[in-house]
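So for the sequence shown, the numbering used here puts the first residue at 615; every next one is plus one.
All C-beta atoms in this analysis are idealised placements derived from N, C-alpha and C, irrespective of residue type, glycine included.
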Amino acid sequence: MAEILYGRPVAEAITAELTERAAALAGSCVEPGLAIIRLGENNSDVAYEQAALKRCARVGIKTRLFHLGADAAQSELLRAIEEVNCDEAIHGCLMFRPLPGQLDERAACETLSPDKDVDGITGPSMEGVFSGTGHGFVPCTARSCLEILDYYGIPIQGKRAVVIGRSLVIGRPAAMLLLARDATVTICHSRTPALPNICREADILIAAAGRPGLVGAGCFNPGQVVIDVGINTTPGGICGDVCFEEAENRVRAVTPVPGGVGAVTTAVLCKHVIEAAERRLKQRN
Ligand code: NAP
C-alpha cells in the first residue's frame with residue numbers, strides 16, 4: 615500500500631518554525647502583517663480566508679482585511695491595493711483570483727508592490743521563478759508541493775518529474791521549482807497526446823488540471839510519488855485529479871484530497887509573509 619502524504623504534519627512543522635521566526639522579528643520590533651483582498655463571497659475564498667486568518671493568528675502575523683463587493687469598480691480595487699502598498703504594517707498581500715469579469719486582473723496584479731507579492735502574482739515574482747534567481751515569491755500552492763516532498767524526504771535531484779497543468783498559478787511554477795532542484799521535468803496540458811504513457815515514466819507526478827479522475831491506473835508505476843493538487847467539487851464531494859483508490863495500491867506514495875496540498879498552502883502563505891518581513895528588516899539595517 616502507498617504511503618499517504620498528509621498535508622497537516624507538513625503545515626504543523628512549518629508553523630512551528632515560523633512561530634520562532636515571528637518571535638525573533640518581534641525582538642526587532644517588527645510585527646509581520648498580511649493584507650487579504652477579497653471581492654464577493656465565493657465559498658472557497660471565504661473558507662481559505664478563514665483558514666489563513668487562523669494560521670496567521672497562530673504564527674503571530676497581524677491581518678488586515680479588504681472586503682469589496684463582487685461588483686467593485688477597477689478604481690476601487692486599485693485604491694485598496696495602493697493602500698496595501700503604502701501601509702508599513704503590511705508585509706504581504708493575498709488577493710483572491712480570478713477577479714470578477716468586469717475587472718482588469720493583470721493591471722490589478724501589477725499595481726501590487728512586488729515586495730508584498732507573497733503569492734507570486736506580479737511580473738517580477740514570475741521572473742524570479744522562471745529565471746531561477748529566487749527573487750520575489752513563488753505562488754503558494756506550487757511551493758506547497760515541494761514542501762510536501764521535502765518534509766517526507768522524497769529526493770528530487772535527478773528524478774523524472776511530470777507536471778500536469780501549465781497555469782501560471784500551479785503547473786508552470788511547480789515545474790520551475792522542480793527544475794531548480796535538478797529534476798528532469800515534463801509539463802503536460804490538455805493537448806498532450808498519450809498522457810498516461812508520459813505519466814507512467816514519472817518518479818514524481820504532480821497533477822494540477824482540475825479534472826476529477828484524470829489520473830488513473832494507467833498513469834502509475836510502483837516507485838512513483840503522486841502529488842494531487844486538484845480540488846474538484848463533484849456530486850460525491852470534493853476530490854482531486856487522481857483516482858485515489860487506484861493510486862493507493864499502485865504507487866509508492868500519494869497525497870489525499872482533501873487533506874493533502876490544500877492543507878499546506880496557508881502555512882506557505884505565512885512563510886512568505888515572514889520572509890517578506892525579514893527581507894524588509896534586512897534592507898532597513
Ligand atoms: P487552470 O488554470 O484551469 O489550469 C488547468 C491546467 O490543466 C491547464 O494547463 C490545462 O491545459 C490542463 N488540463 C486541463 N484538462 C487537461 C487534461 N484533460 N489533460 C491534461 N491537462 C489538462 O487551473 P489551476 O488554477 O492551475 O488549478 C488546477 C487545479 O488545482 C484545480 O482543480 C484547482 O481547484 C486546484 N487548486 C488547488 C489548490 C490547493 O491548494 N490544493 C490551490 C489552487 C488551485 P491547457 O493549458 O491546455 O488548457
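Looking at the strands, I want to know which residues DSSP matches up with ASN846. As DSSP reads the structure, ASN846 sits in a beta bridge with CYS853.
May I ask you to check if the CB of ALA822 is nearer than 7 Å to at least one heavy atom of the ligand NAP? yes
First through last residue of the alpha helix (DSSP H) which encompasses HIS681: Segment 676-682 is the beta strand (DSSP E) holding HIS681; no alpha helix (DSSP H) there.
Within the region 765-848, ranges of the beta strand (DSSP E) (whole runs, at least 3 residues): 774-778, 798-802, 818-821, 839-842, 846-848
Close-in-space but distant-in-sequence residues of the same chain around CYS670 (CB under 7 Å, 5 per side omitted): LEU648, THR677, CYS884
To which residues of the same chain is ALA722 closer than 8 Å at the C-beta, ignoring the five residues directly before and after it? Hits under 8 Å: GLN688, LEU691, LEU692, ILE695, MET709, LEU713.
What does GLU617 pair with, by DSSP beta-bridge criteria? Beta-bridge pairing links GLU617 to ALA867.
Let me know the beta strand (DSSP E) ranges lying completely inside the region 706-754, each 3 residues or longer, listed in chain order. Complete beta strand (DSSP E) runs here, min 3: 706-709.
Any contact of the region 750-762 with the region 785-796, i.e. 3+ C-beta pairs under 8 Å? yes
Can you give me the C-alpha to C-alpha distance between GLY737 and PRO623, rounded to a whole angstrom? Cα to Cα, GLY737 sits roughly 32 Å from PRO623.
Kindly indicate the opening and closing residues of the beta strand (DSSP E) around ALA649. From DSSP, the beta strand (DSSP E) with ALA649 extends over 647-653.
For VAL732 and ALA890, the rounded distance between their alpha carbons: 7 Å
Would the beta-carbon of LEU763 be found less than 7 Å away from any heavy atom of the ligand SAM? For the structure depicted, the ligand SAM is absent and the ligand set comprises only the ligand NAP.
Cβ of VAL843 versus every heavy atom of the ligand NAP: is any distance shorter than 7 Å? Flag set: Cβ of VAL843 near the ligand NAP.
Considering only heavy atoms of the ligand NAP, does any lie closer than 7 Å to the CB of ARG628? Residue 628 is actually Ile in this sequence, not Arg. For the ligand NAP, not one heavy atom lies less than 7 Å from the Cβ of ILE628.
Which of helix, strand or coil does DSSP assign to VAL660? helix
Between LEU793 and VAL799, what straight-line distance do the alpha-carbon atoms span, to the nearest angstrom? LEU793 and VAL799 have their alpha carbons spaced roughly 6 Å apart.
Beta-carbon contacts of PHE617 that lie in its chain and below 6 Å, excluding the five residues immediately before and after: Here the sequence assigns Glu to residue 617, which means Phe is not the residue at that position. Leaving aside the five residues that flank GLU617 on each side, the residues in its chain whose CB is nearer than 6 Å to its CB run, in chain order, ALA867.
Taking 7 Å as the cut-off, is the C-beta of THR806 nearer than that to any heavy atom in the ligand NAP? Yes, since a heavy atom of the ligand NAP falls inside the 7 Å radius drawn around the Cβ of THR806.
Could you have a look at SER642 and say whether DSSP puts it in helix, strand or coil? coil
Among ALA665, CYS707, ALA661, GLY715, which has the Cα closest to the Cα of ALA684? GLY715
Span separating the alpha-carbon of ASP842 from that of ASP659: 20 Å
Considering Cα atoms alone, identify which of LEU763, LEU639, ALA665 is closest to ARG795. Answer by Cα proximity: LEU763.
Can you give me the start and stop residues for the alpha helix (DSSP H) that ILE704 sits inside? First-last for ILE704: undefined, no H or E at that position.
With three or more C-beta pairs closer than 8 Å as the rule, is the region 775-783 touching the region 816-831? yes
Same chain, Cβ closer than 8 Å to GLY748, neighbours up to 5 away in sequence not counted: So the list reads GLY742, once near-sequence residues are dropped.
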